[in-house]
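Letter 100 of the sequence shown, counting from 1, is numbered 100 in this note's numbering, and no numbers are missing. Beta carbons: idealized from backbone N, C-alpha and C, even for Gly.
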Amino acid sequence: MASPTLRFAALFAAAQGQQNGPRSLGYELRFVDTEAHPLAVCNDGSSAAYYLYKGSSDAWIVHQQGGWWCWDAYSCQVRWDHFANHTTEKRTLMSTKDLKNLTDAFDTFNGEHNTGLMAHAPTNPMANASKVFLVYCSSDSHAGNRSMGSDGAGES
1 MASPTLRFAA
11 LFAAAQGQQN
21 GPRSLGYELR
31 FVDTEAHPLA
41 VCNDGSSAAY
51 YLYKGSSDAW
61 IVHQQGGWWC
71 WDAYSCQVRW
81 DHFANHTTEK
91 RTLMSTKDLK
101 NLTDAFDTFN
111 GEHNTGLMAH
121 APTNPMANAS
131 KVFLVYCSSD
141 SHAGNRSMGS
151 DGAGES
């Protein structure tokens, strides 16, 4: 059961006619089966999650949410304390325990509204693509600088 604050927020969002979140755009929130994929967990051990939209074309877009990362006990505690406050912060970047309630209440992709390629607007060249929004909840960092050339060979 959602808290009174979350229920109020859901009514407020509905009254505002918000049409740019996963619920209003037809995305489904899914949680990864941690028995089949035991390493697909957040900082607190809750299941990794993603929002899925099944489009009408063969094209796919996969968006990996960005966010703060932490590197030691202190930076992780600061991160945990900041994102545990759901009165001012609508994201859960270290856990998915409250993600369903936050999605229902605020109709956001873990605190974000659709932008760019996640939208279904007619001006979006990928409007009909299937789309995946990967929720960030593990505090790790991903980086790289290698790209694939048009001939399939790697470039540095």
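Bridge-paired residues (DSSP) for residue i
| i | result |
| --- | --- |
| Y53 | K131 |
| L29 | Y51 |
| V41 | S47 |
| F109 | E112 |
| W157 | The structure shown does not extend to residue 157, since the chain is modelled only from 1 through 156, so no value can be given for it. |
Nearest candidate by alpha-carbon position, reference residue i, set the options
| i | options | result |
| --- | --- | --- |
| Y50 | W71, F83, Y74 and M118 | M118 |
| L25 | Y53, F31, P38 and S46 | Y53 |
| E28 | A143, S147, D104 and H142 | D104 |
| M23 | K90, P38, H113 and N145 | Rather than Met, the amino acid found at residue 23 in this sequence is Arg. The candidate whose alpha carbon is nearest that of R23 is H113. |
| H63 | T92, N145, G144 and V132 | V132 |
Spatial distance of residue i from residue j (CA atoms)
| i | j | result |
| --- | --- | --- |
| D140 | W69 | 6 Å |
| C137 | P122 | 31 Å |
| F12 | N20 | Legend: pLDDT at F12 = 44, less than 50; position of this residue unreliable, value from coordinates given subsequently. Answer to the nearest angstrom: the Cα atoms are 14 Å apart. |
| A40 | F106 | 25 Å |
| N110 | G66 | 11 Å |
| W71 | M126 | 36 Å |
| G102 | R79 | Note that residue 102 corresponds to Leu in the displayed sequence, not to Gly. Going from the Cα of L102 to the Cα of R79 covers about 18 Å. |
| K100 | T108 | 10 Å |
| Q77 | S56 | 43 Å |
| M94 | A73 | 13 Å |
| D81 | N128 | 39 Å |
| G17 | M148 | Any reading at G17 is ruled out, since the residue's pLDDT is 46, under 50, leaving its predicted position unreliable. |
| L134 | S75 | 23 Å |
| A84 | S46 | 14 Å |
| F31 | T92 | 14 Å |
| H120 | A143 | 28 Å |
| N124 | P38 | 36 Å |
Pair within 8 Å by beta-carbon distance, residue i and residue j
| i | j | result |
| --- | --- | --- |
| W60 | S150 | no |
| K97 | D33 | no |
| A48 | C42 | yes |
Any non-hydrogen atom of the ligand NAD within 7 Å of residue i CB
| i | result |
| --- | --- |
| A129 | You won't find the ligand NAD in this model; it holds no ligand whatsoever. |
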